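A.B. asks: Numbering (the working numbering), first residue to last: 1022 to 1233. Yeah, the Cβ is synthetic: ideal placement off N, Cα and C, and Gly gets one too. Keep in mind the model is a prediction, meaning the values are calculated, not measured. Pasting a structure below so you can have a look.
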Amino acid sequence: MESHYPFALPPLPYPYDALEPDIDAKTLCFHHDKHFAAYVDNLNKLLEPYPSYHSWSLEQLCQNWRDLPDEIRQGVRNNAGGVFNHDLYFRTLRTLPPSAPQPPLDGAVRRVFGGTDGLKTALKSAALSVFGSGWACLCTDKDGNLSIQKVANQDTVLPLTPLLCCDVWEHAYYLQYQNRRGDYFDAWWRLIDWPQVSEHYARILQSRPPIP
Ligand code: MN3
1022 MESHYPFALP
1032 PLPYPYDALE
1042 PDIDAKTLCF
1052 HHDKHFAAYV
1062 DNLNKLLEPY
1072 PSYHSWSLEQ
1082 LCQNWRDLPD
1092 EIRQGVRNNA
1102 GGVFNHDLYF
1112 RTLRTLPPSA
1122 PQPPLDGAVR
1132 RVFGGTDGLK
1142 TALKSAALSV
1152 FGSGWACLCT
1162 DKDGNLSIQK
1172 VANQDTVLPL
1182 TPLLCCDVWE
1192 HAYYLQYQNR
1202 RGDYFDAWWR
1212 LIDWPQVSEH
1222 YARILQSRPP
1232 IP
């Protein structure tokens, strides 16, 4: 993502039909080109008359929306969060072949969840228990401690770092899966780009300040 206003829609990193049959082209096209694009456009429109916030990063906007003027506060909260969450969502999926967590993420997953199956069970249970619209995320803190977090609407897990976010808004799956959120979760799980997620986790561990 750009570091600040004006934000631009990141192109989908694969063709619309690349995730079929798990996520079909129509769902992916609407989700990226309509929903994700709307969050980007709305965020820019809200910020346009407020030059003092044009230097704020997306993360700053997501975390410090409480400091914004009344008239744009809730709009920026919703739309900056929508941009942040969707950027990660589309970047962490990929086409076949299926992959698995790699070191050092695989070891952390074993310690916290007993393994990849345990992580899947925990994340799926979180995804299914989000009431209404929201996200189920695998997160890490700066020390590499993994956790699963749920957020409502387009809130973010910041200041934790999300490694993976499962979008459980109906717009993410309803065209293809109707009310079967669990089936959509299983499809999403098969598409996770574990090499990329593992690399992200490794970079976070490497950027820890040395222990004095
Ligand atoms: Mn969405």
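Is Ser1219 buried or exposed, if buried means 16 or more other CB atoms sit within 10 Å of its CB?
C.D. replies: For the purposes of this step, residue 1219 is identified with residue 198 of the sequence shown, where counting begins at 1. By the 10 Å Cβ count, Ser1219 comes out buried.
A.B. asks: Once the 5 residues before and after Tyr1222 are set aside, which same chain residues still bring their CB inside 8 Å of it?
C.D. replies: For the purposes of this step, residue 1222 is taken as the residue at position 201 of the sequence shown. Pro1125, Leu1126, Ala1129, Thr1161, Gly1165 and Leu1184.
A.B. asks: Give, in chain order, every unbroken run of the alpha helix (DSSP H) that is at least 4 residues long and sits entirely within the region 1159 to 1218.
C.D. replies: List check, alpha helix (DSSP H) in window: 1195 to 1198 and 1202 to 1211.
A.B. asks: Does the Cβ of Trp1209 lie closer than 7 Å to at least one heavy atom of the ligand MN3?
C.D. replies: Taking the sequence shown and counting its residues from 1, the one referred to as residue 1209 is at position 188. Not so, every heavy atom of the ligand MN3 lies at least 7 Å from the Cβ.
A.B. asks: In chain order, what residues of the same chain lie with their CB nearer than 8 Å to the CB of Val1151, ignoring the 5 residues before and after it?
C.D. replies: Sequence index remark: in the sequence shown, residue 1151 carries index 130 (1-based). Result list for Val1151: Ala1157, Lys1171, Ala1173 and Val1189, in chain order.
A.B. asks: Quick one: does the C-beta of Ala1039 sit closer than 7 Å to a heavy atom of the ligand MN3?
C.D. replies: Residue numbering aside, residue 1039 sits at position 18 when the sequence shown is read from its first letter. Ala1039: no, Cβ never under 7 Å from the ligand MN3.
A.B. asks: Anyone know if the C-beta pair for Cys1187 and Leu1144 falls short of 8 Å?
C.D. replies: Position 166 of the sequence shown, counted from the first residue, corresponds to residue 1187. Position 123 of the sequence shown, counted from the first residue, corresponds to residue 1144. The answer is yes: Cβ separation under 8 Å.
A.B. asks: Specify the secondary structure class of Trp1086 as computed by DSSP and reduced to three states.
C.D. replies: The residue you call residue 1086 lines up with position 65 of the sequence shown. Of the three classes helix, strand and coil, the one that applies to Trp1086 here is helix, per DSSP.
A.B. asks: Using a Cβ-Cβ cutoff of less than 6 Å, which residues in the same chain neighbour Tyr1037 once the five nearest sequence positions on both sides are dropped?
C.D. replies: Position 16 of the sequence shown, counted from the first residue, corresponds to residue 1037. Cβ neighbours of Tyr1037 beyond the five flanking positions: Ala1046, Leu1049 and Cys1050.
A.B. asks: Are at least three pairs of beta-carbons, each pair with one atom in the region 1192 to 1202 and one in the region 1100 to 1108, less than 8 Å apart?
C.D. replies: Too few Cβ pairs lie closer than 8 Å, so no.
A.B. asks: Asn1065 to Pro1042, Cα distance in whole Å?
C.D. replies: In the sequence shown, counting from the first residue as 1, residue 1065 sits at position 44. In the sequence shown, counting from the first residue as 1, residue 1042 sits at position 21. Between Asn1065 and Pro1042, the C-alpha separation is close to 34 Å.
A.B. asks: Could you tell me if the beta carbon of Ala1193 falls within a distance shorter than 7 Å of some heavy atom in the ligand MN3?
C.D. replies: Stepping through the sequence shown from its first residue, residue 1193 is reached at position 172. Yes, the beta carbon of Ala1193 sits closer than 7 Å to at least one heavy atom of the ligand MN3.
A.B. asks: In angstroms, rounded to a whole number, what distance separates the CA positions of Phe1134 and Ser1146?
C.D. replies: Here residue 1134 is taken as the residue at index 113 of the sequence shown, counted from 1. Here residue 1146 is taken as the residue at index 125 of the sequence shown, counted from 1. About 13 Å.
A.B. asks: Would you kindly check if the distance between the Cβ of Ala1058 and the Cβ of Leu1030 is under 8 Å?
C.D. replies: Here the question's residue 1030 lines up with position 9 in the sequence shown. Here the question's residue 1058 lines up with position 37 in the sequence shown. Contact flag set, yes.
A.B. asks: Report the residue from His1192, Trp1215, Arg1211 and Thr1182 whose alpha carbon sits nearest the alpha carbon of Ser1228.
C.D. replies: For the purposes of this step, residue 1228 is identified with residue 207 of the sequence shown, where counting begins at 1. If we check each option's Cα against that of Ser1228, Thr1182 comes out closest.
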